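In what follows, a structure is listed as structure tokens, so that the remarks can point back to it.
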Amino acid sequence: MGIDNLGVFEALALDLKLNASNFNRKIKKFTKETGQELAENIRDETPVRTEKLKNGWEENQPEYDTYIVEDKVEYATLVNDGHATKNGGVVPGVFVVEKGIEKTKENMTSAKANLFDW
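Per my numbering, residue 12 is the first one in the sequence shown, and the count goes up by one each step.
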């Protein structure tokens, strides 16, 4: 094998680079779609008294493989996880995040498996 075959390696390197770029785009799309579905499922599970908690859910995608769903309403964690009361009682959690995750997992279909179809 000599210098004459260098073009084959350059073509292979270019092909690998294009496939990696395509793969990253597919991961970004999959992450966004799944994250949006998760956010919707969590909102659906969120109890409503004043709409503040339900409307407090925010989402963003800071990286191609990361999607963040969070609620910065001051009592969001207390509603989700439950809490003790001043008189020693307990308010059970409603676990909206966990329910949203489970619902999202259940909805993962073969369509999402097609992520890796080239």
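Quick reminder that beta carbons are idealized off the backbone N, C-alpha and C, glycines included. Everything numeric in this text was worked out from a predicted model, so none of it was measured.
On the DSSP bridge list, what partners appear for residue i?
i	result
Asn-71	Ile-79
Gly-93	Pro-103
Whole-angstrom Cβ separation of residue i and residue j, contact assumed at under 8 Å?
i	j	result
Gly-67	Val-84	4 Å
Gly-111	Asn-91	Actually they do not touch by this definition, with Cβ atoms about 10 Å apart.
Gln-134	Lys-43	Residue 134 is absent from the structure shown; the chain starts at 12 and stops at 129.
Thinking C-beta only, is residue j closer than 9 Å to residue i?
i	j	result
Ala-87	Leu-64	yes
Thr-115	Thr-45	yes
Ala-50	Glu-70	yes
Lys-39	Asp-76	yes
Val-107	Thr-57	yes
Asn-134	Glu-48	The question about residue 134 has no answer here: the residues shown for the chain are numbered 12 through 129.
With 9 Å as the threshold, decide whether the Cβ of residue i is near any Cβ in chain B.
i	result
Thr-61	Considering every chain present, this structure includes no chain B. It has just one protein chain.
In angstroms with no decimal places, state the Cα-to-Cα distance between residue i and residue j.
i	j	result
Gly-99	Leu-89	15 Å
Phe-34	Asp-55	31 Å
Glu-8	Arg-60	Residue numbering for the chain in the displayed model covers 12 to 129; residue 8 lies beyond these limits and cannot be assessed.
Ala-31	Val-19	18 Å
Leu-25	Ile-53	42 Å
Leu-27	Tyr-78	26 Å
Leu-29	Leu-23	10 Å
Measuring alpha carbon to alpha carbon, tell me which of the options ends up nearest residue i.
i	options	result
Glu-74	Val-59, Leu-23 and Phe-41	Phe-41
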